[in-house]
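Since the structure comes first, as structure tokens, the remarks are kept for the end.
Protein chains: 2
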Amino acid sequence: MDPAELGPEALDRAFMALADPVRRAIVARLSRSDATVNELAEPFAITKQAVSKHIQVLEQAGLVTRSRDAQRRPVHLDSAALERLTAWLDQYRLIAERRFRLLDELLADNRPAGAAEK
Amino acid sequence: MDPAELGPEALDRAFMALADPVRRAIVARLSRSDATVNELAEPFAITKQAVSKHIQVLEQAGLVTRSRDAQRRPVHLDSAALERLTAWLDQYRLIAERRFRLLDELLADNRPAGAAEK
DNA sequence: GTTGTATTCAACCTAGAGGTTGATAAAGCC
DNA sequence: GGCTTTATCAACCTCTAGGTTGAATACAAC
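Heads up: the sequence lines are chains C and L, in that order.
Residue numbers for the first sequence follow the numbering used here, so the first one is 111 and each next one is one higher.
Residue numbers for the second sequence follow the numbering used here, so the first one is 111 and each next one is one higher.
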């Protein structure tokens, strides 16, 4: 099956991961460069353990990956994962927008024409 | 300030709203046409009260709006809200991708050049 | 006005998210 | 070996999300 396919649980985890300001800030920070847990924890008024948990949430959501560098575990943003979420959103947004466009054309054309769109 | 500006709480609510398979299915359904609570509840094995709550979550997240038609309260998908989320994701995805592209160019160019990207 | 349909409100339950503190693991430095 | 740094594990607490049932509201239809 398509590796870029996103099952429901994967979407659950990805959107849930982004539904937290700390984790979104981490994503924003990682967009500029990879970073370690300590570096990522620095701006926040919470413990490093809490940040470590946030990173694990992002990792299980597939949004970030981690490597090894001695005792450090640099975190890396997976931009393809963000793209998959964008794709999910765009899919339904475009369906809805196409529908509105058709409706507008019908209305502008000449008559109500009592078609779809309850 | 820009009405399309998304504060942290708005992003919290929007992403949280999408972190549930029932609510995502509702969004998918609404992309095809507006629908009432009863219509939206039909495919699910949960009570209408639960679906009503889901819709309120989507509404407070700004993802849907509601109108009145006698005792019915048709739900309408706000595609602009989806677009705002896409914009948030793309913002950081593009920063990360640009960085990778530059790094690739540096590597392909000729020498390591010991620049950024820890 | 009474019945029926669509939706919400209120109270409650349970599981999990996000936080803490304290102990543990793993790797470099002297 | 011992010490320090980086990061995680474990146990715990509190708050909220998602679900239930049962009563209440709002409007239509008869």
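Note that beta-carbon positions come from the ideal geometry of N, C-alpha and C, so glycine has one too.
Nothing here was measured: the structure is a model prediction, and the numbers come from that model.
Same chain, Cβ closer than 6 angstroms to residue i, neighbours up to 5 away in sequence not counted
i	result
C/L217	none
L/M126	none
C/L116	R194
L/A171	R123, A124 and A127
L/P184	D144, T146 and S177
Test item: CB-CB of residue i and residue j under 8 angstroms
i	j	result
C/L195	C/V137	no
L/H186	L/R176	yes
C/I205	L/S141	yes
C/P118	L/P118	no
L/W198	L/L121	yes
L/E215	C/S189	no
C/L212	L/R203	no
Same chain, Cβ closer than 7 angstroms to residue i, five either side skipped, listed in chain order
i	result
C/V161	V147, L150, A151 and F154
L/R133	A127, H164, V167 and L168
L/R139	A145 and L150
Strand pairing of residue i, partner residues [DSSP]
i	result
C/D179	C/R182
L/V174	L/L187
First and last residue of the uninterrupted alpha helix (DSSP H) at residue i
i	result
C/I165	K158 to Q170
C/D122	P118 to L128
C/A151	V147 to A151
L/A138	P131 to R142
Between the CA atoms of residue j and residue i - distance to the nearest angstrom
i	j	result
C/A135	C/I156	13 angstroms
L/Q181	L/Q159	16 angstroms
L/R209	L/Q201	13 angstroms
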